[in-house]
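Remarks on the structure that follows.
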Amino acid sequence: LLKKKVFFQVIYFLFKKLDKNFKIQGKPEDNIRHVLTVLGYPVSLEKSSLLSTNLHFPPVLSNCLNWIIELCLYDIKTISEDIVNVKKELNINSIWSRLIKSYNSFFSRNKLND
């Protein structure tokens, strides 16, 4: 048996991983359903499944948690890929800036020798 409060804490923890600015607003059972809709969760959760005092963890809630976890993992993967791409871009920009400095330095020395 899983207590409703613990289930909500897990869901909110995962929502915070997706958006650090996430704030709890209103009743948890309404809030969770709304956030899932905004995130594009393909299944509509029944409010009654979130209202029971003890959850027997039906497959629909298990699937919901799995989907949110997959979304979090995808988010982490894309963020790390973006960081790698930015680092590559910074290295390329660094190489170009050094090339330009060398080029300008070379021509400034040649002008002095003329």
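Under my numbering, residues 35 to 148 are what the sequence shown spells out, in order. We put the CB at the ideal spot given by N, CA and C, even for glycine.
Close beta carbons around residue i, own chain, < 6 Å, minus the five adjacent residues each side
i, result
"Ile-102", "Leu-48"
"Phe-56", "Phe-49, Lys-50"
Min CB distance residue i to chain C below 9 Å
i, result
"Ile-66", "Protein chain content of the structure displayed is limited to a single chain, and chain C is not contained in it."
Run of the alpha helix (DSSP H) containing residue i, from where it starts to where it stops
i, result
"Ile-66", "62-73"
"Gln-43", "38-52"
9 Å Cβ cutoff met for residue i and residue j
i, j, result
"Leu-52", "Cys-106", "yes"
"Pro-76", "Ser-83", "no"
"Leu-79", "Val-94", "yes"
"Phe-39", "Glu-63", "The sequence shown places Lys at residue 39, rather than the Phe named in the question. No, the pair does not count as a contact, with Cβ atoms beyond the cut-off."
Assigned exposure category for residue i - 16 Cβ within 10 Å defines buried
i, result
"Val-69", "buried"
"Phe-41", "buried"
"Asn-100", "exposed"
Residues near residue i in its chain [Cβ-Cβ closer than 7 Å; skip 5 each side]
i, result
"Tyr-46", "Ile-58"
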